[in-house]
Amino acid sequence: MDAASEGDRGGLRMENIIEIKGLVKRFGDKTAVDGLDLSVRKGELFGFLGPNGAGKTTTLRCVSTLTGFDSGSIVVAGFDLLKNPAEAKSRMGVIQQQVSLDKDLTIRENMISHAMYHDIGKAERNKRIKELSDFFGLEEYLDKPVDSLSGGWKKRAAIVCTMLHHPEVLFLDEPTSGLDINARRLLWDVIKNLNDDGTTIILTTHYIEEAEALCDRVGIIDKGKIIALDDPQSLCERVGKVAVECHSGGKTDYRYFKSREEANTYASSLEGDVSIRATNLEDVFVEMTGKSVGGQK
Ligand SMILES: Nc1ncnc2c1ncn2[C@@H]1O[C@H](COP(=O)(O)OP(=O)(O)OP(=O)(O)O)[C@@H](O)[C@H]1O
Ligand SMILES: [Mg+2]
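Mapping of the sequence shown onto the numbering used here: residues 94 to 390, in sequence order.
If you want it as structure tokens, here you go:
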């Protein structure tokens, strides 16, 4: 499905909660985002994959109003960021890669301070803190100082802070980087639960398995542009859904085929240690960006 036809599925026009057209963001001579177009549907869990420096964080920062942009247009929940930034902002929540909780405060005090920033009254605030802390299993940590929590729990607390004002869209920049496997899986459940509850989620990740496990659609971004955008399975089919790996002479060669038969024919012509498997998003990423995940090949 290409960018022009996205939004239509099964003959139904689906509502886009984010519409980005021709987004450009420069830092001096460097063009970090280079004419990026993207529509995200209401209720979608959307993932950005891309090499270091591709423009993922910058795009998220532009859309979530943390930084300005040089040209293009961004509409969130029907509000143009240039015309109605406050309206758009009130519908969004952002978790940046480095969680920004105030270390001098307890977790509850951090939540109260976020609620005050969004003008949420005391009764509503306390109800919401209770509701969300129950949902995230944070009750026992509420009155503890920020630094007594591990990275994974800090991330959850930051998500609660961000969810207090009922944002319709949540941006998560590398939500699970640096977390251990258990914390990552717990956070995946948190992200899925929020999405099931109707929150549109846009995340960036370097973990292919995270994109495969969570995302309805994935956009691969390289040099400030989206170079591929689809659901994970369709992206794999685009490259060829059957992969043949041949290990020979200390090197591994990868080839992709549309069918098992074609893959078998090719594999039988090879010498060395040959294996046939399903293509995954990591293959797609390497094929499309010419780089291994997170760096140069
Ligand atoms: N504040 C800034 N000043 C100057 N250049 C910047 C700034 N922020 C980002 N850039 C540059 O813009 C480009 C895109 O950076 P960005 O942080 O958006 O990439 P990314 O895809 O999030 O990468 P990573 O996977 O490493 O987080 C990079 O070349 C980066 O060096
Ligand atoms: Mg980044």
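Ideal Cβ positions, reconstructed from N, Cα and C, are used throughout, including at glycine.
{"Asked": "In its own chain, which residues sit with a C-beta less than 7 Å from the C-beta of L159, not counting the 5 before and 5 after it?", "Found": "V187"}
{"Asked": "Strictly by DSSP, which residues pair up with Y347?", "Found": "E338"}
{"Asked": "Can you list the beta strand (DSSP E) stretches of 3 or more residues lying completely in the region 214-278, in chain order?", "Found": "262-266"}
{"Asked": "My understanding is that I167 touches I113, with C-beta atoms under 8 Å, so please give their C-beta distance in whole angstroms.", "Found": "5 Å"}
{"Asked": "When the Cα atoms are used, what is the spatial distance from L279 to W246?", "Found": "10 Å"}
{"Asked": "Keeping to the same chain, check which residues put their C-beta closer than 6 Å to that of M94; ignore five residues upstream and five downstream.", "Found": "Residue confidence for M94 is low, a pLDDT of 42 falling below 50, so the modelled location carries little weight and cannot support an answer."}
{"Asked": "Tell me whether S352 sits in a helix, a strand or coil according to DSSP, three-state version.", "Found": "coil"}
{"Asked": "Once you ignore the five residues that flank R136 on each side, which residues in its own chain have a CB closer than 7 Å to its CB?", "Found": "First, the amino acid is wrong: residue 136 is Gly here, not Arg. Cβ within range, chain order: G291, T293."}
{"Asked": "Counting only the same chain and skipping the five closest in sequence on each side, list residues whose C-beta sits under 7 Å from that of I155.", "Found": "The amino acid occupying residue 155 in the given sequence is Cys; Ile does not appear at that position. The answer, listed in chain order, is L116, K118, V126, F162, I167."}
{"Asked": "Is G146 a contact residue of ligand 1, with contact defined as CB to any heavy atom under 7 Å?", "Found": "yes"}
{"Asked": "To the nearest angstrom, how far is the alpha carbon of F378 from that of F172?", "Found": "33 Å"}
{"Asked": "Locate the beta strand (DSSP E) running through N109, then write down its first and last residues.", "Found": "109-120"}
{"Asked": "Over what stretch of residues does the beta strand (DSSP E) that includes T297 continue unbroken?", "Found": "293-297"}
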